[in-house]
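*Asks:* Before I ask anything, let me first share the structure, which is written out below as structure tokens.
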Ligand SMILES: Cc1cc2nc3c(=O)[nH]c(=O)nc-3n(C[C@H](O)[C@H](O)[C@H](O)COP(=O)(O)O)c2cc1C
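Residue numbers (the numbering used here): 12 to 317.
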């Protein structure tokens, strides 16, 4: 919480999985809830990786809101029922993913131009007893006013809150925020709103809260992946960053079974986001490392430079 505002950690597919979340909550914290990267159905089945990621056994001690991505009502209910069986009572629905192979199949933000499909999804989910929902969305897929035809549908599921990343799917991650459109949503929504997008500091959080005091809270993604201590300035120490890194590295070194290549590619994905402002030369050496020895040397050099 910052003042009385909720602070959520955004889901980042391939980054904020359970290993990252547990390390984050243990070493840094400052987050009211973590959201899982979306789970999806492929070939009529839940993916083992997704099941594992949201399993309560792997998320002990953290407040996790699992997220689903679907366009077919049956797929959505299959995931919701699985999550309910796992003990979850709140599920987040992804209407924001901008990745073209997903969006072009009417999923994520690609569903926003098709309100009748969203309506069918909501009507299928609503009757599941003891489940509540929230939604994470963009303004639209192609146009920044597509949300207008979606907003009335929220009365079907009565979301606990709506997380809005105020840009369109077609812009991907260009960070072209449309704050006028966000203002319109603030003026029109009867459900609590969470602001998401390009928050880089506590000061950014404060100015958003100042501009829209009726918000329920904010959600932060990439900046937290880069600086996991963003919300807890007293924990900004090289030692804490190193501990956080080691929790993650040691976990993968002990559990991945695909050899050095798999370990290196997993850690390279982590470094795509971690400590983006750290020594550029060391970061480059980490990304280029083709053996564990070179990789560990480059990592040690980077932590020595902090
Ligand atoms: C690599 C990556 C993966 C993402 N995966 C998801 C996801 O699984 N579910 C989702 O709702 N949003 C996902 N997002 C979007 C983020 O949750 C967030 O909405 C977006 O990055 C804007 O917030 P930020 O500027 O604080 O990062 C992803 C973003 C990135 C960069």
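For every residue, glycine included, the Cβ atom is placed at its ideal position computed from N, Cα and C.
Mark residue 239 as exposed unless 16 or more other C-beta atoms lie within 10 angstroms of its C-beta, in which case mark it buried.
*Replies:* buried
*Asks:* With a threshold of 7 Å on Cβ separation, who are the neighbours of residue 105 within its own chain once the five nearest residues in sequence on each side are excluded?
*Replies:* 49, 78, 79, 80, 119 and 147
*Asks:* Just confirm the distance between the C-beta atoms of residue 18 and residue 243, as a whole number of angstroms; I'd bet it's less than 8 Å.
*Replies:* Actually they are not in contact, since the Cβ atoms of residue 18 and residue 243 sit about 11 Å apart, beyond 8 Å.
*Asks:* Hey, is residue 65 close to ligand 3, as in C-beta under 7 Å from one of its heavy atoms?
*Replies:* Inclusion of ligand 3 in the displayed structure is not the case, the ligand content consisting of ligand 1 alone.
*Asks:* Relative to the C-alpha of residue 101, which residue among 293, 88 and 76 is closest?
*Replies:* The residue with the shortest Cα to Cα distance from residue 101 is 76.
*Asks:* Quick one: what's residue 149 bridged to in DSSP?
*Replies:* 176
*Asks:* Just confirm the distance between the C-beta atoms of residue 52 and residue 90, as a whole number of angstroms; I'd bet it's less than 8 Å.
*Replies:* 7 Å
*Asks:* Do residue 29 and residue 69 have their C-beta atoms closer together than 8 Å?
*Replies:* Result yes, Cβ atoms of residue 29 and residue 69 sit closer than 8 Å.
*Asks:* Starting from residue 221, follow the alpha helix (DSSP H) in both directions and report where the run begins and ends.
*Replies:* 213 to 222
*Asks:* Quick one: is the Cβ of residue 70 within less than 7 Å of any heavy atom of ligand 1?
*Replies:* Residue 70: no, Cβ never under 7 Å from ligand 1.
*Asks:* Could you tell me whether the Cβ atoms of residue 177 and residue 193 are closer together than 8 Å?
*Replies:* yes
*Asks:* Taking the continuous alpha helix (DSSP H) assigned at residue 89, which residues delimit it?
*Replies:* 84 to 96
*Asks:* Just how far apart, CA to CA, sit residue 310 and residue 282?
*Replies:* Distance between the alpha carbons of residue 310 and residue 282 is about 10 Å.
*Asks:* Does the stretch 39 to 46 come close enough to the stretch 243 to 253 to have 3 or more Cβ pairs within less than 8 Å?
*Replies:* yes
*Asks:* On the three-state DSSP scale, how would you describe residue 194?
*Replies:* helix
*Asks:* Kindly indicate the opening and closing residues of the beta strand (DSSP E) around residue 301.
*Replies:* From DSSP, residue 301 is part of no beta strand (DSSP E); its letter is neither H nor E.
*Asks:* Taking 7 Å as the line, does the beta carbon of residue 234 fall inside it for any heavy atom of ligand 1?
*Replies:* Distances between the C-beta of residue 234 and the heavy atoms of ligand 1 include at least one below 7 Å.
*Asks:* Based on the DSSP output, what are the partners of residue 228 in its beta bridges?
*Replies:* 17 and 205
*Asks:* If you compare alpha carbons, which of 315, 171, 154 and 285 is closest to residue 183?
*Replies:* Selected option, being the one with the closest Cα: 154.
*Asks:* Who are the near neighbours of residue 312 in its chain, counting only those whose CB is closer than 6 Å to its CB and skipping five residues on each side?
*Replies:* 293
*Asks:* DSSP three-state label for residue 12, please.
*Replies:* coil
*Asks:* With respect to the beta strand (DSSP E) encompassing residue 46, which residues constitute its N-terminal and C-terminal limits?
*Replies:* 44 to 46
*Asks:* How would you call residue 123, buried or exposed, if buried means at least 16 neighbouring beta carbons within 10 angstroms?
*Replies:* By the neighbour-count rule (16 or more Cβ atoms within 10 Å), residue 123 is buried.
*Asks:* Tell me which residues share the same chain as residue 251 and place their Cβ nearer than 8 Å to its Cβ, disregarding the 5 neighbours each side in the sequence.
*Replies:* Spatial neighbours of residue 251 in its own chain (CB-CB distance under 8 Å, excluding positions within 5 residues in sequence) are listed in chain order as 38, 39 and 240.
*Asks:* Using DSSP with H/G/I as helix, E/B as strand and the rest coil, what is residue 273?
*Replies:* Note: residue 273 maps to helix in three-state DSSP.
*Asks:* Ignore the nearest five residues each way along the sequence and tell me which others in residue 46's own chain have a CB closer than 6 Å to its CB.
*Replies:* 22, 76, 78 and 103
*Asks:* Could you check if residue 219 belongs to the surroundings of ligand 1, using beta carbon to heavy atom distance under 7 Å?
*Replies:* no
*Asks:* Taking residue 66 as the reference, give the member of 276, 274 and 94 with the closest Cα.
*Replies:* 94
*Asks:* How long is the line joining the alpha carbons of residue 63 and residue 114, rounded to whole angstroms?
*Replies:* So the alpha carbons of these two residues sit roughly 25 Å apart.
*Asks:* Near residue 135, which residues of its chain fall below 8 Å by C-beta distance, leaving aside the five closest residues on each side in sequence?
*Replies:* Residues 84, 85, 87 and 88 of the same chain have their beta carbon placed closer than 8 Å to that of residue 135, with the five preceding and five following residues left out of the count.
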